[in-house]
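> Residue numbers for the sequence shown follow the numbering used here, so the first one is 22 and each next one is one higher. Backbone N, C-alpha and C fix where the C-beta goes; we use that ideal spot for every residue, glycine too. Please read these numbers as outputs of a predicted model, since none were measured by experiment. What follows is a single structure, and I will ask about it in a moment.
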Amino acid sequence: MAMALVFQYGSNCLESQINSKDRLCGDAKFIEIAETVDDFVLAFDVWSTGRQCAASDILSSPGVKVWGVLYDVPDFLIERKTAAAQNRKSLDAIEGEGTNYKRETIDVRQHSGPIVKALTYRVRNPKPDLHTSLEYVGYIVDGLRERGVREDYIAQVKNLAATNNPAIATQVQEL
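Below you can see the structure in the form of structure tokens.
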């Protein structure tokens with residue numbers, strides 16, 4: 022089966038999120054943690070109606086990298102049409118490709134060293150002044166920890182979330 026490398030930096034870092042019954046049903050296979058080659062920073066700049074909070078994005082930002090998780094995902098589960106042909110939900114549908122997000126290919130450096138090309142999703146129209154939620158940030162932090170991402174990067178994510186939504190700042194630091 023043909024597979025696509027996919028880089029996830031938000032809630033889908035968490036195994037129980039990406040592979041839940043209403044998402045990829047166990048078909049996303051963990052490869053390794055990775056960081057962006059180009060400079061990006063995590064942001065919360067798109068409204069998720071499903072989660073009722075701001076969801077994550079990566080924005081160009083000099084001198085900063087974003088860590089995330091590399092998965093192998095069956096090719097047919099990437100696009101809506103091919104997934105629907107097998108009565109499945111596509112990653113494009115899960116991510117809101119074409120509405121909130123756009124799918125693109127970026128270079129990521131695997132923790133073991135090699136640089137590879139991977140699909141990821143970036144926000145089409147980032148918006149200021151949106152607030153994320155404690156639950157959503159918890160999925161990101163849990164997913165990064167589950168896969169062994171360094172605690173100093175996780176602290177950066179928590180600080181970004183606390184700055185984004187001061188109302189949850191204390192609880193975010195306790196994650």
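Less than 8 Å between the C-beta atoms of Glu78 and Arg143, yes or no?
Reading off the sequence shown, one finds Asp at residue 78, where the question assumed Glu. For Asp78 and Arg143, yes; Cβs fall inside 8 Å.
> Looking only at C-alpha atoms, which of Asp48, Asp128 and Arg101 sits nearest to Asp59?
Of Asp48, Asp128 and Arg101, the residue nearest in Cα terms is Asp128.
> Given that a residue counts as buried once 16 or more other Cβ atoms are within 10 Å of its Cβ, and exposed if not, what is Pro187?
With fewer than 16 other Cβ atoms within 10 Å, it is exposed.
> Could you tell me the distance, in whole angstroms, from the CA atom of Ala182 to the CA atom of Met22?
So the alpha carbons of these two residues sit roughly 38 Å apart.
> Is it a yes or a no for the stretch 144-161 touching the stretch 63-82, going by three-plus beta-carbon pairs under 8 Å?
Flag = yes, the stretch 144-161 and the stretch 63-82 touch.
> Which residue comes first and which comes last in the beta strand (DSSP E) that contains Leu80?
Cys74 to Ser81 is the span of the beta strand (DSSP E), which, as asked, contains Leu80.
> Compare the C-alpha of Val67 against each of Arg145, Gln177, Asp163 and Thr191 and name the closest.
Looking at the Cα atoms, Arg145 is the closest of the given residues.
> Checking 8 Å against the spacing of the C-beta atoms, do Trp88 and Leu165 come in under that value?
Yes. Within cutoff.
> Taking just the CA atoms, how far does Asp96 sit from Val137?
Going from the Cα of Val137 to the Cα of Asp96 covers about 17 Å.
> For Ile39 and His132, which I take to be in contact (beta-carbon distance under 8 Å), what is that distance rounded to the nearest angstrom?
About 18 Å; that fails the 8 Å criterion.
> Would DSSP call Ile127 helix, strand or coil?
The answer is strand: DSSP assigns Ile127 an E or B state.
> Figure out for me which residue from Pro147, Gly169 and Ile175 has the closest Cα to the Cα of Ser81.
When each option's Cα is compared against that of Ser81, the closest is Pro147.
> From the DSSP secondary-structure annotation, give me the bridge partner or partners of Arg143.
Answer is Lys123.
> According to DSSP, is Ile54 part of a helix, a strand, or is it coil?
Correct three-state label for Ile54: strand.
> Going by DSSP, what residues sit across from Gln107 in a beta bridge?
Gln107 is not bridged to any residue.
> Rounded to a whole number of angstroms, what is the C-alpha to C-alpha distance between Phe61 and Lys102?
Taking the straight line from one Cα to the other gives about 31 Å.
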